[in-house]
Structures are given as structure tokens and as C-alpha cells.
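Mapping of the sequence shown onto this note's numbering: position 102 corresponds to residue 102, and the numbering continues sequentially without gaps.
Written out below as C-alpha cells is the structure these notes cover.
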Amino acid sequence: MRRAFDALARKDFEGCLSLMRSDFRINIAGMPYQKKGHAAWRENVRQMFGAFPDLGIHIDSMVASGDKVAVHVRFTGTQTGDFLGIPPSGRRIDYESQELYRFEDGRLAEEWICSDTMTMMTQIGAVSPGALILVWLGSFRLWLAGAIGVGAGAGLVLLVQALVA
């Protein structure tokens with residue numbers, strides 16, 4: 001797994017692909033469908049390195065069990081290119097991702113990616129910090145509603161919305 005991340009950090013995309021099965025499956029949190037194959041992987045990498053050519057990849061931890069490897073990775077870089085329709089901002093990103101990889105016959109067969117894209121989108125200016133707070137409060141409201149009642153949780157969110165607006 002480290003070989004794959006090292007190759008990716010060097011932008012040795014063919015080296016990465018040589019470690020993957022041709023039917024490699026890509027599962028990204030929030031994406032309504034699964035991507036499959038080398039062409040889909042290349043497109044994802046092209047988008048990331050096209051938008052963030054100085055993309056840094058920092059492995060914080062890696063744990064293996066059976067045919068799976070879990071990786072906690074941090075990405076850093078500067079948005080100097082278009083990213084999913086968002087024009088270059090010149091801003092720095094620094095966000096984390098939790099990733100799980102499955103091996104089959106000694107090669108990468110599948111990945112599940114759960115990245116903190118909300119932080120990244122806020123950092124490049126695509127999402128306002130106020131919207132990020134509202135998303136966080138939406139989660140907090142569920143916890144608070146269970147703890148002290150639905151009305152109190154909803155009232156708190158309305159109060160914060162008024163303060164942020």
C-alpha cells in the first residue's frame with residue numbers, strides 16, 4: 001500500500017495502475033454510483049492533480065487486516081486549476097481522508113474513500129464558513145434534540161442561523 005501512495009506522491013500514475021486490477025472499483029462517500037477501471041481512476045487523479053499540482057500526500061497511519069488496509073491520509077496543496085467547475089482560487093487546502101483498500105490476488109481491487117471534502121471546499125471558497133457551521137449544527141441538533149427535546153434543538157439552530165447571516 002505504501003508503494004501505491006509513494007508512486008502517487010511522485011505522480012507516477014502508471015506505477016500506481018500497475019498495482020491495481022484492471023477492474024479496480026472506486027467507492028467515494030456521497031457519490032451515488034461506483035466507478036470502475038483504470039480510466040475512471042486516471043480521471044479522478046487528473047482532476048485532483050490538475051487543480052492542485054503541488055498536491056502533498058501525508059500518511060498519518062496505516063493498518064492492515066486480512067485483505068484490507070485502512071489509511072488515514074492528509075492532503076495539502078494549492079488550487080491553481082479548475083476543480084469540479086470551481087475556478088482556481090490560489091488558496092491552500094489541508095484536509096484529511098479515511099480510506100479503505102481491498103486486495104485480491106496481491107493487487108488493489110477496490111477502494112472506499114471518505115474525505116473531509118466540506119473542509120476542502122470551504123478552504124477554496126466554494127462553501128462559506130457559515131454554511132459549514134450550519135452543517136455541523138444540523139448534526140449537533142440531532143444530538144441536542146435527543147438530549148433536551150426537538151424544540152430546543154431547532155430553536156438553537158434558528159438562533160445561530162440568524163447570527164451567521
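Glycine included, every Cβ here is placed at the ideal spot set by N, Cα and C.
- 9 angstroms or more divides the Cβ of residue 2 from the Cβ of residue 57.
- Under the three-pair Cβ rule at 8 angstroms, the segment 113–130 counts as touching the segment 86–97.
- Within the segment 53–138, the runs of beta strand (DSSP E) at least 3 residues long that lie entirely inside it are, in chain order, 56–65, 68–78, 92–104, 107–115.
- About 7 angstroms separates the CB atoms of residue 25 and residue 109; that is less than 8 angstroms, so the two are in contact.
- About 28 angstroms separates the beta carbons of residue 77 and residue 103, which is beyond the 8 angstroms limit, so they are not a contact pair.
- Annotation: the continuous alpha helix (DSSP H) that includes residue 46 extends over 38–51.
- With a 10 Å radius around the Cβ and a threshold of 16 neighbouring Cβ atoms, residue 120 comes out buried.
- Leaving aside the five residues that flank residue 35 on each side, the residues in its chain whose CB is nearer than 6 angstroms to its CB run, in chain order, 26.
- In this structure, DSSP gives residue 23 an extended state, which the three-state scheme calls strand.
- For the pair residue 99 and residue 28, the Cα-to-Cα distance works out to about 9 angstroms.
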